[in-house]
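Under my numbering, the first residue of the sequence shown is numbered 68, with each subsequent residue one higher.
Using N, Cα and C, we set each Cβ at its ideal position, and we do this for glycine too.
What you are looking at is a predicted structure, and each value in this text was computed from that prediction instead of being measured.
These notes are about the structure you will find just below.
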Amino acid sequence: MSSESTEVRTGWYRDRRGAEAVAVTAESGRRTAVRVRGVEYAGTRLDALTAAEADGGLPLADCVLEWDLPLPVALADGSVQPATLCCLLALGEPASDGTPERVDLQLTLHWGGAAYESGLAGGDFEQALDRVRRQLPPGTRFERAGAPAAASV
């Protein structure tokens, strides 16, 4: 993956008004964006996605985003096995400044008939991914260099 690549993953957005399919776009660890009901929310961290000033400039809050990533696992013997990283981002109700009162990111890696969970973390993708990585058997690693960065999906 080049430093200029963009990844697009389909997922779901849910809030009190209902659910809709969305595309979550990540530009090589620099920017993540999702368009919800015609408004694009973007930012460099998952816990700080904000609408453009023209669309009110408010942070995304009081909702849930879900998406999956293929994330192959390389074994110590050099073989690679398919795996899927399921991502669930829950953003609490807006505080007085509009930012979510709480940010819960949970990653679950489904691989080899098992599920490896990050537990709840703030919005730091790399920290949550590291929690998953530490549970894997010795000698295993994620195949994709840099796996999704903090702003990647």
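ask   = If you draw a straight line from the C-alpha of residue 126 to the C-alpha of residue 100, how long is it?
value = Counting from one through the sequence shown, the residue named residue 126 turns up at place 59. Counting from one through the sequence shown, the residue named residue 100 turns up at place 33. Cα to Cα, the separation comes out at about 12 Å.
request  = Quick one: grab the DSSP three-state call for residue 173.
outcome  = In the sequence shown, the residue the question calls residue 173 occupies position 106. Here DSSP, grouped into helix, strand and coil, assigns residue 173 to strand.
task = Over the uninterrupted alpha helix (DSSP H) stretch that includes residue 121, give me the two end residues.
result = Against the sequence shown, residue 121 aligns to sequence position 54. From DSSP, residue 121 is part of no alpha helix (DSSP H); its letter is neither H nor E.
message = For the structure I just gave you, are there three or more beta carbon pairs, one from the segment 111-126 and one from the segment 185-194, closer than 8 Å?
response = Taking 8 Å as the limit for Cβ pairs, the verdict is that the segment 185-194 does touch the segment 111-126.
inquiry  = Under DSSP, the alpha helix (DSSP H) around residue 198 begins and ends at which residues?
reply    = Within the sequence shown, numbered from 1, the residue matching residue 198 stands at position 131. Secondary structure note for residue 198: its alpha helix (DSSP H) is the uninterrupted segment 192-200.
task = Along the beta strand (DSSP E) that carries residue 137, what are the first and last residues, could you check?
result = Here residue 137 refers to the residue found at position 70 of the sequence shown. Taken as a continuous stretch (DSSP letters only), the beta strand (DSSP E) holding residue 137 covers 130-137.
inquiry  = If I measure Cβ to Cβ from residue 140 and keep anything under 6 Å in the same chain, skipping five residues before and after, which residues do I get?
reply    = Reading the sequence shown from its first residue, position 73 is the one you call residue 140. Around residue 140: 148, 150, 178 and 207.
ask   = Which residues bound the beta strand (DSSP E) around residue 203?
value = Taking the sequence shown and counting its residues from 1, the one referred to as residue 203 is at position 136. Per DSSP, residue 203 belongs to no beta strand (DSSP E) and is neither H nor E.
ask   = Do you know offhand how far residue 168's Cα is from residue 161's?
value = Working through the sequence shown from its first residue, we reach residue 168 at position 101. Working through the sequence shown from its first residue, we reach residue 161 at position 94. In a straight line, the C-alpha of residue 168 is about 6 Å away from that of residue 161.
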